[in-house]
Every structure is written in structure tokens, then in C-alpha cells.
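Inspection log for the structure reproduced underneath, given as C-alpha cells.
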Amino acid sequence: MITEDTEKRYRHGKLIEWSVGGARYALTGSPNLSSSALLHSVHEGGNCELGMIAPVTSSLLPEGEETAPGQIRALPVGQRRDSRSALLLLGATRVDGPRLHIQLVRPLSGTNGQVELSPATAPPESWERVGDVGVGVHEKVVQVAAEGGSRIRVTQMGADGILRHSNTVYVLDFRRASQRFSSPAASQTPRIQPADLFQDTRLAERFFADMANLAAGGSPPPAVATARQPRNTSTTRVDEQRDGWQHYLDLCAGRLGHPLLRFALGQASKPDDQDDAGPESEAPAPVNWMTTSCPNGKPV
Numbered sequence: 412m413i414t415e416d417t418e419k420r421y422r423h424g425k426l427i428e429w430s431v432g433g434a435r436y437a438l439t440g441s442p443n444l445s446s447s448a449l450l451h452s453v454h455e456g457g458n459c460e461l462g463m464i465a466p467v468t469s470s471l472l473p474e475g476e477e478t479a480p481g482q483i484r485a486l487p488v489g490q491r492r493d494s495r496s497a498l499l500l501l502g503a504t505r506v507d508g509p510r511l512h513i514q515l516v517r518p519l520s521g522t523n524g525q526v527e528l529s530p531a532t533a534p535p536e537s538w539e540r541v542g543d544v545g546v547g548v549h550e551k552v553v554q555v556a557a558e559g560g561s562r563i564r565v566t567q568m569g570a571d572g573i574l575r576h577s578n579t580v581y582v583l584d585f586r587r588a589s590q591r592f593s594s595p596a597a598s599q600t601p602r603i604q605p606a607d608l609f610q611d612t613r614l615a616e617r618f619f620a621d622m623a624n625l626a627a628g629g630s631p632p633p634a635v636a637t638a639r640q641p642r643n644t645s646t647t648r649v650d651e652q653r654d655g656w657q658h659y660l661d662l663c664a665g666r667l668g669h670p671l672l673r674f675a676l677g678q679a680s681k682p683d684d685q686d687d688a689g690p691e692s693e694a695p696a697p698v699n700w701m702t703t704s705c706p707n708g709k710p711v
């Protein structure tokens, strides 16, 4: 017999119960009730699912009405498509030229394919053909100027006359992705050194004027908590005061620059006061997606 759930609530979780040696066990969670989900590991091509097996004292099956199998309408199960023959795109990297380096998970089989591009500034549904991929090819360099963030896919006409599309990947521009961006406030921060104040009276006058303006509109430093405080005295959390003080120091650094701020606070100068921006990093070479390793040491 089959129990029909008569409750109106929506259920997504799965429940499998069985008994062994007089003890009842239950599998709960949301795994698919299929061999790929329950019998095969991810390494073997199975699904990545989440479930829990635990002993239970009584059945977790909700109450319902028993229904004969003949009263349930059967649905035909379609033939499962072999995922190993699917058209899968692994990555797309912009290289010098301008060129676009794309890689498929496995060599293309059957018929030739086409590389399609949807520029980053274009609507997602607009595609243009920019190259071809031959049978047996899993790595291709296409002569096209594709900006980082553009969408790439591969299309292929199947033997049944149906046009199939691969998954969509986004173009990776290593040069732009590896650039070090500094905020406008940081790039415009003054870099006057304390020694400059003793060589230029105008800089010294400007420094004292900035100090006076900051002192007039600033906030007090964080208070130190004492063991005893009078009653009926409103207090502010120390961490909130420190946040306000840090915000005030940031304003001072933007007005004076870090070297003069440390000088005003009586702190020693830092070696990086001469150049807060640091050297410009070089763009790394494009990665080979097929040889990129996972944390377990195995290639992707």
C-alpha cells in the first residue's frame, strides 16, 4: 500500500525508513532518491547531496490515507542523457593579441562547434559567432577582443538536427583582475613629511591651520573605563567610542597625511611613509584550466 500525504503543507525533504535487528533507522534530508544520489560518490560521478542517517524510536512518516498502487497515475521516466557526452565549457581567458583562450572539459565529438560571444556591455540574450571549434579539439584560441566579464558559450548541431548550447562562462581578464586599486581618498592623501614643516613656513602654517580645524570639529578620544562610576550616569560603550575615534583619525589622515598625523600624535615614522601605494603588481600569466589543482591535489 502507498500512503498519500493529505496535509496541505509543502514538503521538500526525503524520508527513508528501515529496520535491522529490531532497531528502526531513518534517512532524512534532501537527497534525490536515485542511484546517483544514494549509491555513487561525487568522484564516481554521483550527485553531491546532504542527508543524515540516525536511529529513531518511532516512524517519522506523516499520517495520511492508504491508497492502492493501481489508483496512482504512472508517469513515464525519460531516458537519462549521459552527462559524459554533454557540451561543457571549462573556462575562457583573455590573452594578448587581442585573443581569447577557451577550454572545454573534454574534446569536442560528433560535429564541429561554434564559439559565441555576448559582450559585457550587451544584453545577455544577444550572441554573435566569433570562431569555430573542430572535432577532437578541447582547447582553442579565438581572434576576438573580448572584455573581461563578457559571456562565452559553444554551440553544436547534433546528429538529430537539434542545436545544443554549452554552459555559459565569463571571460577572465587577468591583467585587470590583478590590478591593485586604491581608493580616491588614499591616492589624494598628502604625503608631506615632518621635516618639510621646518623648511617651508607656508607648509607649517597650513599644518597648524589644519590641526585647529580638525580639533574644532573632532571627537574626543575613547574614555578609559573606571572601576567605579557614579549612579545615574549615562555611559557609552567603549567599542562605539573607539569606532568614533578611529573615524576621526581617518579624517585626520585624509587631511594631513599619515606622516604628519603620526608626527602630531608623537609616533615614530614608518618605513612606508615615503610611498604608501607600493609597487605596481605585474599581471600573472594565464592559467591552464585543465591543470589547475584542487585542495586535494587532484587536477580539475
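Okay, so the sequence shown: first residue is 412 according to the numbering used here, each after it adds one. Cβ coordinates follow ideal geometry from the N, Cα and C atoms, glycine included.
Whole-angstrom Cβ separation of residue i and residue j, contact assumed at under 8 Å?
i             : j              : result
glycine 502   : valine 565     : With a Cβ gap of about 12 Å, glycine 502 and valine 565 do not count as contacting.
valine 553    : isoleucine 513 : 7 Å
serine 577    : leucine 528    : In fact, because the Cβ distance is near 13 Å, the residues do not count as touching under 8 Å.
valine 582    : isoleucine 563 : 6 Å
leucine 672   : alanine 664    : 5 Å
glycine 475   : glutamate 415  : 5 Å
glycine 521   : glycine 572    : Wrong, their Cβ atoms sit about 12 Å apart, outside the cutoff.
aspartate 607 : leucine 614    : 5 Å
glycine 457   : alanine 448    : 7 Å
Using a 10 Å radius around the Cβ and a threshold of 16 neighbouring Cβ atoms, would you call residue i buried or exposed?
i                 : result
aspartate 507     : exposed
valine 580        : buried
aspartate 611     : exposed
glycine 433       : exposed
valine 431        : exposed
glycine 668       : buried
lysine 419        : exposed
cysteine 459      : exposed
aspartate 584     : buried
phenylalanine 609 : exposed
glycine 417       : Glycine is not the amino acid found at residue 417; the sequence shown has threonine there. It is exposed - the Cβ of threonine 417 has fewer than 16 other Cβ atoms within 10 Å.
arginine 505      : buried
proline 535       : exposed
valine 526        : buried
glutamine 678     : exposed
proline 706       : Confidence is the limiting factor: at proline 706 the pLDDT is only 44, short of 50, which leaves the residue's position unreliable, though a coordinate-based value still follows. That one is exposed.
leucine 511       : buried
proline 670       : buried
glutamine 755     : No information on residue 755 is available, as it lies outside the stretch 412 to 711 that the chain covers here.
leucine 486       : exposed
phenylalanine 619 : exposed
leucine 519       : buried
leucine 450       : exposed
leucine 472       : exposed
leucine 500       : buried
leucine 515       : buried
tyrosine 421      : exposed
Just curious, the alpha helix (DSSP H) that residue i is in, first and last residue?
i             : result
histidine 669 : 669-675
aspartate 607 : 605-608
alanine 588   : 585-588
Can you find a C-beta in chain C that's less than 7 Å from the C-beta of residue i?
i            : result
cysteine 459 : Although the question refers to chain C, the structure presented lacks it and comprises just one protein chain.
How would you write the range of the beta strand (DSSP E) that residue i sits in, first residue to last?
i             : result
alanine 503   : 500-506
arginine 510  : 510-515
arginine 575  : 574-576
threonine 414 : 413-416
serine 430    : 425-431
Query - Uninterrupted beta strand (DSSP E) stretches inside the stretch 441-495 (no shorter than 3 residues) - result: 462-467 and 475-478
Query raised in the report: In chain order, which continuous runs of the beta strand (DSSP E) of length 3 or greater are located wholly inside the stretch 528-571?
Result: 539-544, 550-553 and 562-568
**Report entry** Inter-stretch contact at 8 Å, needing at least 3 Cβ pairs: the stretch 547-558 / the stretch 474-488
**Finding:** no
Query - Stretch-stretch touch, CB-based, cutoff 8 Å, three pairs: the stretch 538-547 with the stretch 459-474 - result: no
Query raised in the report: Is the stretch 439-454 close to the stretch 415-430, with three or more CB pairs under 8 Å?
Result: yes
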